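Colleague: Dropping a structure here in structure tokens format, bear with me for questions.
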Amino acid sequence: DGTALATLAELTNALFGGDPDGSEEAYDGSGNASYGSAEDQISLLLSLLSESIADRISGLAAGHFVRAVFHCNLGLPDTETDKYLRSHGVVGGWNGLSFDKSRLFPDRSPRDIDLEVSYKVKIPFLAGLSLPVTQRAVTGAWLGGDRTIGTGEGEYTLEDYYNGNCTESIWKLPAFDRGKLFKEVYTREYRDLGVVEGMRSVIGYDPSTGTYHNCVSINTFSESYNDDGFQAAKACEHSIRKLRLTISELGDRLDEGERAYVSYTVIIPEDASDEVHDSIDRYLTKKIGEFQGKYPFVEISFRIVRSGGNANT
57 DGTALATLAE LTNALFGGDP DGSEEAYDGS GNASYGSAED QISLLLSLLS ESIADRISGL
117 AAGHFVRAVF HCNLGLPDTE TDKYLRSHGV VGGWNGLSFD KSRLFPDRSP RDIDLEVSYK
177 VKIPFLAGLS LPVTQRAVTG AWLGGDRTIG TGEGEYTLED YYNGNCTESI WKLPAFDRGK
237 LFKEVYTREY RDLGVVEGMR SVIGYDPSTG TYHNCVSINT FSESYNDDGF QAAKACEHSI
297 RKLRLTISEL GDRLDEGERA YVSYTVIIPE DASDEVHDSI DRYLTKKIGE FQGKYPFVEI
357 SFRIVRSGGN ANT
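Our numbering numbers the first residue of the sequence shown as 57 and each following residue consecutively.
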């Protein structure tokens, strides 16, 4: 009612330092005087409150969403997820991860999802001490539809790529779609292989050789990997993470004394240089050697192939 509005106006004037009859104008910081009246200031206050609520809702929704996606991608039951994280030093295990600062469709980039996870990692040999860690990433988002992809020269669906009806470079696709497509392509290559149910880190299994297969793609032209020259360690980070998961899953499946063979196909753009190719080869050879020394129950091999068209055009 009028009394409540008057009270709110007084409160607003106290907060903003304005005059109830509008004789003074509030400065909005942009060089223009505005929101001179109490009613205008109330509108501003309500607008700011609305934005704050919207941001909090975005954060709440994104937090639950990102947590669920992370859990699904890890591919482990709740108790195993907690055990896995604790074994890697994450304080509090599954409950120690916070996704609260993730955002759905932020104003600065309304077609994206901001992914952020915060946690603490125990420092070995220093009892009671832990290191706070925050990891951030941004991914594209879409709402339903047929997953149509605009490449600048037309629109295509993933099925067009699957069926060979598009001559566009696969490297023009968003990273998520590119990875899904390459996985589909290489799954078809191994279409006669038995599928290992429940394993998320492989695309097929050959029972005749006991070999588990997987593939990863690396856009070697990504700015993220080319800070003062090509950075093989950054470029291979996702590949190493996948390989760790494969080893973890195999460790749970194999009987004592049993041995497994793992074959990874690393896909890079067709226009990637020989220097970049060799840099990846050296880095993966080194890391795989470390893995095999630590996990003698696996024998790991990899191959690097150029496929999917050019990325730097």
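For every residue, glycine included, the Cβ atom is placed at its ideal position computed from N, Cα and C.
Being a predicted model, the structure only gives us computed values, none of them experimental.
Output needed for residue 339: all residues of its chain with C-beta closer than 7 Å, excluding positions within five of it in sequence on either side, in chain order.
Modeller: Closer than 7 Å at the Cβ level, and outside the excluded window around residue 339, lie 288, 289 and 292.
Colleague: Identify, in the order they occur along the chain, each residue of the same chain with its Cβ nearer than 7 Å to the Cβ of residue 242, setting aside the five sequence neighbours on each side.
Modeller: Taken in chain order, the residues that qualify are 259, 271 and 321.
Colleague: For residue 264 versus residue 302, is the C-beta distance shorter than 7 Å?
Modeller: Contact: no.
Colleague: Determine, using beta-carbon pairs with one atom in the region 224-231 and one in the region 308-319, whether at least three such pairs fall under 8 Å.
Modeller: No, the region 224-231 does not touch the region 308-319.
Colleague: Would residue 324 and residue 362 be called neighbours here (beta carbons separated by less than 7 Å)?
Modeller: In this structure, residue 362 lies closer than 7 Å to residue 324 by Cβ.
Colleague: Using a Cβ-Cβ distance cut-off of 7 Å, determine whether residue 170 contacts chain D.
Modeller: Annotation note: the requested chain D is absent from the structure, which comprises a single protein chain.
Colleague: Is residue 306 helix, strand or coil when you go by DSSP?
Modeller: The answer is helix: DSSP assigns residue 306 an H, G or I state.
Colleague: Please state if the CB of residue 332 and the CB of residue 276 are separated by a distance shorter than 7 Å.
Modeller: Their beta carbons are under 7 Å apart, which means residue 276 touches residue 332 by this criterion.
Colleague: Measure the C-alpha to C-alpha separation of residue 307 and residue 355 and round it to an integer number of angstroms.
Modeller: Approximately 13 Å, taken between the alpha carbons.
Colleague: Span of the beta strand (DSSP E) holding residue 260?
Modeller: Per DSSP, residue 260 belongs to the beta strand (DSSP E) from 260-262.
Colleague: By how many angstroms is the C-alpha of residue 143 removed from the C-alpha of residue 154?
Modeller: Roughly 18 Å between the two C-alpha positions.
Colleague: Determine the contact status of residue 138 and residue 149, defining contact as a CB-CB distance below 7 Å.
Modeller: Yes, Cβ-Cβ distance for residue 138 and residue 149 is below 7 Å.
Colleague: Cutting at 8 Å between CB atoms, please list the residues of its own chain near residue 63, excluding the five before and the five after it.
Modeller: Bear in mind that the predicted position of residue 63 carries a pLDDT of just 48, short of 50, making it too unreliable to give a figure here.
Colleague: How would you call residue 185, buried or exposed, if buried means at least 16 neighbouring beta carbons within 10 angstroms?
Modeller: It counts as exposed.
Colleague: How about residue 366 and residue 327: are their beta carbons less than 7 Å apart?
Modeller: Yes, they are a contact pair.
Colleague: How many angstroms separate the CA atom of residue 232 from the CA atom of residue 296?
Modeller: Those two C-alpha atoms are separated by around 17 Å.
Colleague: Please report the distance separating the alpha-carbon of residue 134 from that of residue 330.
Modeller: In a straight line, the C-alpha of residue 134 is about 44 Å away from that of residue 330.
Colleague: Can you tell which of 305, 335, 316 and 300 has the C-alpha that lies nearest to the C-alpha of residue 346?
Modeller: Among 305, 335, 316 and 300, the Cα nearest to that of residue 346 is on 300.
Colleague: Kindly indicate which residue of 177, 180 and 159 has the alpha-carbon position closest to the one of residue 170.
Modeller: Among 177, 180 and 159, the Cα nearest to that of residue 170 belongs to 159.
Colleague: Rounded to whole angstroms, what is the Cα-Cα separation between residue 175 and residue 127?
Modeller: Looking at the two C-alpha atoms, the distance is approximately 15 Å.
Colleague: Rounded to whole angstroms, what's the CA-CA distance from residue 286 to residue 273? Just pull it up for me.
Modeller: Each residue's alpha carbon lies about 16 Å from the other.
Colleague: Using the beta-carbon count (16 or more within 10 Å), is residue 234 buried or exposed?
Modeller: The residue is buried, with at least 16 neighbouring Cβ atoms inside 10 Å.
Colleague: Roughly how many angstroms lie between the CA atoms of residue 305 and residue 141, to the nearest whole one?
Modeller: Roughly 14 Å between the two C-alpha positions.
Colleague: Going by beta carbon distance, what residues of the same chain come within less than 6 Å of residue 191, once the five residues before and after it are set aside?
Modeller: Taken in chain order, the residues that qualify are 173.
Colleague: Around the Cβ of residue 344, are there at least 16 other Cβ atoms within 10 angstroms (buried) or fewer (exposed)?
Modeller: With 16 or more other Cβ atoms within 10 Å, it is buried.
Colleague: Taking residue 256 as part of the beta strand (DSSP E), name the residues at either end of that continuous run.
Modeller: Residue 256 -> no beta strand (DSSP E), and no H or E assigned at all.
Colleague: Can you check which of these residues, 335, 269 and 318, is closest to residue 352 by C-alpha distance?
Modeller: Considering only alpha carbons, the answer is 318.
Colleague: By Cβ distance below 7 Å, which residues in the same chain neighbour residue 316 in space, the five residues on each side in sequence not counted?
Modeller: Excluding residues within five positions, the ones whose Cβ falls inside 7 Å are 266, 268, 306, 310, 353 and 354.
Colleague: Just to confirm my understanding: we take residue 188, look at its own chain, exclude 5 residues before and 5 after, and list those with CB closer than 6 Å. What are they?
Modeller: Contacts found: 176.
Colleague: So what does DSSP say about residue 284, is it helix, strand or coil?
Modeller: In the structure shown, residue 284 sits in coil (DSSP, three-state: anything other than H, G, I, E or B).
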